[in-house]
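Colleague: Just dropping this structure here.
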Amino acid sequence: MDVVLPCLDEAAALPGVLAGLPPGYRAIVVDNGSSDGSPDVAASLGAKVVHEPRRGYGAAVHTGLEAATADIVCFADADGSLDLADLPRLVTAVENGADLAVGRRVSTGPGVWPWHARAGNVVLALLLRSRGLPVRDIAPLRAADRRALLGLGVTDRAFGYPLELLIRAQRRGWRVREFDVRYGERAKGTKSKVSGSVRGTLRAVRDFGRVLAR
């Protein structure tokens, strides 16, 4: 299996993240303009490294998807907050008929998920459920068939990518399964581009709003 890991200044997290990959899973680290040596760290640890100069979460994810070769592709953050041991459950769901398997983040301790990020996520999940998509999170942990995902035609190249993915999946009648996954503290020395600040969350909300307005 291929695991796409969009990366912007995650050198401090990468050793732990890559060590946590399940056996048989290959990391594709998509560097999005890091200045802390993240690509060199990833390459030294055996990851496939590709570069995406256009800044944006969606740009990095899409480049990683295009670089993948496995039938089923997984996606995760490279900051150490997710337990990649949860990935096989999502992959098994896809192998057993789901079109898309996603994680629902469950905090492992207090303060892990800032209130502003959590509140925005709740609102978006409610909107999706009102459209008939049974999810409770817009989570970064996902698994899907590579060719089907490319055919979905997601166009957002910023923070709105995961929301557009879910909306397009619902419109196509995809079978989506959601699983609780562990969500912990980021690795020391890294900072979230979304939940790490109110400003980051507001940027993400702006991008989500653009997707919803289409």
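As numbered in the numbering used here, residues 1034 to 1247 make up the sequence shown, in order. Note that CB positions come from ideal geometry on N, CA and C, so glycine has one too.
Is Ala1080 closer than 9 Å to Leu1123 when the C-beta atoms are compared?
Modeller: On the sequence shown, residue 1123 is found 90 positions in, with the first residue counted as 1. On the sequence shown, residue 1080 is found 47 positions in, with the first residue counted as 1. Result no, Cβ atoms of Leu1123 and Ala1080 do not sit closer than 9 Å.
Colleague: Can you give me the C-alpha to C-alpha distance between Pro1167 and Asp1132, rounded to a whole angstrom?
Modeller: Taking the first residue of the sequence shown as 1, we reach residue 1167 at position 134. Taking the first residue of the sequence shown as 1, we reach residue 1132 at position 99. So the two alpha carbons sit approximately 14 Å from each other.
Colleague: Verify whether the separation of the beta carbon atoms of Pro1195 and Ala1158 is less than 9 Å.
Modeller: Position 162 of the sequence shown, counted from the first residue, corresponds to residue 1195. Position 125 of the sequence shown, counted from the first residue, corresponds to residue 1158. No; because the gap between Cβ atoms is not below 9 Å, this pair is not in contact.
Colleague: Since Pro1048 is in the alpha helix (DSSP H), which residue starts that stretch and which ends it?
Modeller: Position 15 of the sequence shown holds residue 1048. Where Pro1048 is concerned, the enclosing alpha helix (DSSP H) stretches over Leu1047 to Ala1052.
Colleague: Could you name each continuous alpha helix (DSSP H) segment of 4 residues or more that falls completely within the region 1108-1146, going from the start of the chain to the end?
Modeller: DSSP runs (the alpha helix (DSSP H)) wholly in the region 1108-1146: 1120-1128.
Colleague: On the DSSP letters alone, give me the boundaries of the alpha helix (DSSP H) that Leu1174 sits inside.
Modeller: Within the sequence shown, numbered from 1, the residue matching residue 1174 stands at position 141. From DSSP, Leu1174 is part of no alpha helix (DSSP H); its letter is neither H nor E.
Colleague: Could you tell me the alpha carbon to alpha carbon distance between Ala1101 and Val1037, rounded to whole angstroms?
Modeller: Here residue 1101 refers to the residue found at position 68 of the sequence shown. Here residue 1037 refers to the residue found at position 4 of the sequence shown. Ala1101 and Val1037: Cα-Cα distance of roughly 8 Å.
Colleague: So does Ala1181 have its beta carbon nearer than 8 Å to some heavy atom of the ligand SAH?
Modeller: The model depicted lacks the ligand SAH and carries no ligand whatsoever.
Colleague: Tell whether a beta-carbon distance below 9 Å holds between Ala1176 and Ala1126.
Modeller: On the sequence shown, residue 1176 is found 143 positions in, with the first residue counted as 1. On the sequence shown, residue 1126 is found 93 positions in, with the first residue counted as 1. Their beta carbons are under 9 Å apart, which means Ala1176 touches Ala1126 by this criterion.
Colleague: Using the C-alpha atoms, what's the distance from Pro1086 back to Ser1228?
Modeller: Taking the first residue of the sequence shown as 1, we reach residue 1228 at position 195. Taking the first residue of the sequence shown as 1, we reach residue 1086 at position 53. Because Ser1228 carries a pLDDT of 49, less than 50, the predicted location of this residue cannot be relied on, and no value is offered for it.
Colleague: I need the boundaries of the beta strand (DSSP E) containing Arg1219, first residue and last residue.
Modeller: Walking along the sequence shown from the start, residue 1219 turns up at place 186. Unbroken run through Arg1219: none, as it is neither H nor E.
Colleague: Is there contact here, the region 1055-1074 with the region 1114-1123, by at least three beta-carbon pairs under 8 Å?
Modeller: Yes: the two stretches touch, three or more of their Cβ pairs being nearer than 8 Å.
Colleague: Any contact of the region 1058-1070 with the region 1132-1141, i.e. 3+ C-beta pairs under 8 Å?
Modeller: No, because fewer than three Cβ pairs between the region 1058-1070 and the region 1132-1141 fall closer than 8 Å, the two stretches do not touch.
Colleague: What is the DSSP secondary structure of Asp1073, reduced to helix, strand or coil?
Modeller: Here residue 1073 refers to the residue found at position 40 of the sequence shown. Three-state result, Asp1073: helix.
Colleague: Find the nearest neighbour of Leu1160 within the set Gln1203, Leu1182, Ser1071 and Leu1078, judged by alpha-carbon distance.
Modeller: Translated into positions along the sequence shown, residue 1160 becomes position 127. Selected option, being the one with the closest Cα: Gln1203.
Colleague: Once the 5 residues before and after Arg1210 are set aside, which same chain residues still bring their CB inside 6 Å of it?
Modeller: Start at 1 with the first residue of the sequence shown, and residue 1210 comes out as number 177. The residues are Ala1126, Ala1131 and Ala1134.
Colleague: Check whether the Cβ atoms of Leu1174 and Val1187 sit closer than 9 Å, and answer yes or no.
Modeller: Within the sequence shown, the letter at position 141 stands for residue 1174. Within the sequence shown, the letter at position 154 stands for residue 1187. Cβ atoms of Leu1174 and Val1187: not closer than 9 Å.
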